[in-house]
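The sequence shown: position 301 = 309 (this note's numbering), numbered continuously.
We put the beta carbon where it would ideally sit given N, CA and C, even for glycine.
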Amino acid sequence: MREAFVDLGAVARNVAAMRAVVGDVTTMAVVKANAYGHGAVPVARAALEGGADWLGVVDLDEALELRAAGMSAPVFAWLHDPAADFDAAVEHGIDIGVSYLDQLDRAAAASGRPAVHMKVDTGLGRNGIAPGDWAAVFDAAAEHERAGRVLIRGLWTHLAGADDSAQLAQFGEARAAAAAAGLEPELFHVGATGAALRQPESRFDLVRLGIGIYGVSPFDDTDAAGLSLTPAMTLTATVVSAKRVAAGTGVSYAHDYVTPRETTLALVPLGYADGIPRHASSRGPVSINGTTYRIAGRVAMDQFVVDVGDDPVAVGDRAVLFGDPATGVPSVDDWAAAADTINYEIVTRIGNRVKRVYL
Ligand SMILES: *Cc1c(COP(=O)(O)O)cnc(C)c1O
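Rendered as structure tokens:
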């Protein structure tokens with residue numbers, strides 16, 4: 009009834025297309041948050057087939073899910089509960105991001121020798137070691153490394169998309185501070201999809217590619233660097249009711265929509281519980297049998313209504329909310345605009361009641 013078709017071939021091709029742009033740089037496919045709603049394990053497999061070298065996730069639970077599915081590629085996880093089990097990270101060969109001294113000491117206390125990527129805050133103001141602490145934390149890291157308690161594999165940061173050149177300059181300072189402490193990480197990494205595609209100076213040794221592998225653009229001009237990435241997800245549902253009603257019929261809660269004339273109302277079983285933004289009430293686009301309509305009235309928890317006029321829409325027809333706009337259906341960006349949000353949020357929030365069907 010509710011199906012999100014996920015084109016794994018598109019994922020593989022998107023990875024390959026971005027690899028061609030970034031050149032001789034290691035690529036990490038970011039599959040956090042259930043691969044932005046697309047399904048972590050199938051997407052991770054497809055990304056590796058497309059040539060990705062690493063997989064990136066937020067926390068150890070997400071990393072362990074990939075390992076449990078038998079994936080053996082390098083995995084990096086970077087946002088940890090204060091009580092995160094770094095023994096498990098060592099046991100399953102998961103590299104960890106470390107953002108402050110206590111966390112470093114906890115990693116060093118784990119059994120075995122965790123592979124650590126030190127995160128520096130160069131101006132995003134989220135996770136990462138603040139510049140004033142670089143010297144002390146890098147000294148501690150070097151000491152742990154000499155004692156064989158950790159391997160410092162990486163040094164990295166994340167960009168705010170505000171003043172990237174200032175952040176890149178700060179990252180240069182962080183590299184110098186790490187070298188002064190005697191650290192020689194093998195991997196420096198900074199850029200996510202946007203910077204990786206458009207700012208060669210952000211690429212260093214490895215790029216962390218998220219949104220682009222799903223064929224969704226991080227840029228306002230939507231065409232990610234002229235790459236023609238293919239959107240991987242097509243969100244659909246079956247029309248579950250279609251009926252003729254009289255002019256003046258109020259539709260959905262509070263009757264924000266009233267039919268202007270006799271018409272057919274089609275009911276689509278997707279609502280805000282499925283990640284359809286209520287904010288897109290009266291605005292979100294929906295394609296049925298090749299025609300695009302707007303939602304009539306409010307999006308409810310489980311459903312919304314489309315006024316299809318005199319078009320022959322029937323129970324069992326398939327409504328497409330978004331997919332590849334090249335096929336004539338609305339895009340993720342159309343939905344982001346309708347809901348005043350970003351395309352990332354639209355795909356990521358698609359809920360568990362929507363069955364993922366892999367192509
Ligand atoms: C989510 C995330 C990425 C991927 O970002 P995209 O813009 O989706 O490519 C990269 N790095 C970090 C630290 C992230 O949290």
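- For the alpha helix (DSSP H) that contains Arg206, what are its first and last residues? Thr201 to Arg206
- Item | Closer than 6 Å: Arg357 CB and nearest ligand 1 heavy atom | no
- Measure the beta-carbon distance from Val65 to Val23 and round it to whole angstroms, keeping in mind my assumption that it falls under 8 Å. About 16 Å; that fails the 8 Å criterion.
- Item | Residue from Val340, Ala345, Ala347 and Arg10 with nearest C-alpha to Tyr44 | Val340
- Just how far apart, CA to CA, sit Ala182 and Gly220? 28 Å
- Below 8 Å on the Cβ atoms is my guess for Gln311 versus Leu273; work out the distance and round it to an integer in Å. The pair is not a contact, with the Cβ atoms about 11 Å apart (cut-off 8 Å).
- Message: Measuring only the C-alpha atoms, how far is Ser225 from Gly218?
- Response: 10 Å
- Given Val98, which residues of its chain have a CB within under 8 Å of its CB, disregarding the five upstream and five downstream residues? Ala118, Ser119, Gly120, Arg121 and Pro122
- Item | Which listed residue (Gln111, Ile102 and Thr300) has its alpha carbon closest to that of Pro90 | Gln111
- Ile354: first and last residue of the uninterrupted alpha helix (DSSP H) it sits in: Asn351 to Thr356
- Ends of the alpha helix (DSSP H) at Val51? Ala48 to Glu57
- Measure the C-alpha to C-alpha separation of Trp142 and Ala115 and round it to an integer number of angstroms. 17 Å
- Message: List, from N- to C-terminal side, the beta strand (DSSP E) runs of 3 residues or more that fit wholly inside the region 85–165.
- Response: 102–106, 123–127 and 159–164
- Where DSSP assigns a beta bridge to Ile221, which residues make up the other side? Per DSSP, none; premise fails for Ile221.
- Query: Ends of the beta strand (DSSP E) at Val14?
  - Reply: Arg10 to Val14
- Task: Compute every distance between the C-beta of Arg27 and the non-hydrogen atoms of ligand 1, then say whether any falls below 6 Å.
- Result: no
- Query: At a cut-off of 6 Å, is Thr201 close to ligand 1 when judged by its beta-carbon and the heavy atoms of the ligand?
  - Reply: yes
- Message: For a test of the three-state rule: what should DSSP assign to Ser249, helix, strand or coil?
- Response: strand
- From Ala344 to Ile303, what distance separates their C-alpha atoms? 14 Å
- Query: Can you tell me whether Lys127 is buried or exposed, with buried defined as 16 or more other CB within 10 angstroms of its CB?
  - Reply: buried
- Item | Cβ-Cβ separation, Ile358 to Gly283 (assumed contact under 8 Å), whole Å | 4 Å
- Task: Compute the Euclidean distance between the alpha carbons of Leu176 and Val266, then round it to the nearest angstrom.
- Result: 54 Å
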